[in-house]
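Note sheet for the following structure.
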Amino acid sequence: MFRQIGPTEILLILGVVLLLFGGRKLPELARGSGRALRIFKSEVQELQGDEKDERDETLTADADESTDPASTSTDRSATER
Numbered sequence: 001m002f003r004q005i006g007p008t009e010i011l012l013i014l015g016v017v018l019l020l021f022g023g024r025k026l027p028e029l030a031r032g033s034g035r036a037l038r039i040f041k042s043e044v045q046e047l048q049g050d051e052k053d054e055r056d057e058t059l060t061a062d063a064d065e066s067t068d069p070a071s072t073s074t075d076r077s078a079t080e081r
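Numbering (UniProt numbering), first residue to last: 1 to 81.
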């Protein structure tokens, strides 16, 4: 349905952008876009790191509960009363 963008289309888009914004604004736009992309990437990596840390903490807590005999014995005594 959609075809890929070739080098001719990319040059046409760059030409239109150059006509719209002019030669002086183009470096500023590129710099601003680069900063925004860098910030976005760092935020995504931070969120992925936070999710991984939470998942690791949950797995560690579950493993500690299942291997801790003291916690199972107190749970049994509480249910027996």
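Ideal Cβ positions, reconstructed from N, Cα and C, are used throughout, including at glycine.
Roughly how many whole angstroms lie between the Cα atoms of residue i and residue j?
{"i": "T58", "j": "K52", "result": "10 Å"}
{"i": "Q45", "j": "D56", "result": "16 Å"}
{"i": "G49", "j": "V16", "result": "40 Å"}
{"i": "G34", "j": "A63", "result": "43 Å"}
{"i": "G6", "j": "L14", "result": "13 Å"}
{"i": "E9", "j": "G23", "result": "20 Å"}
Do residue i and residue j have their C-beta atoms closer together than 8 Å?
{"i": "L29", "j": "F40", "result": "no"}
{"i": "L18", "j": "L11", "result": "no"}
Are the C-beta of residue i and some C-beta of chain B separated by less than 8 Å?
{"i": "R35", "result": "Of the protein chains in this structure there is only one, and it is not chain B."}
For residue i, which residues in the same chain have their Cβ closer than 8 Å to its Cβ, ignoring the five residues on either side in sequence?
{"i": "A36", "result": "none"}
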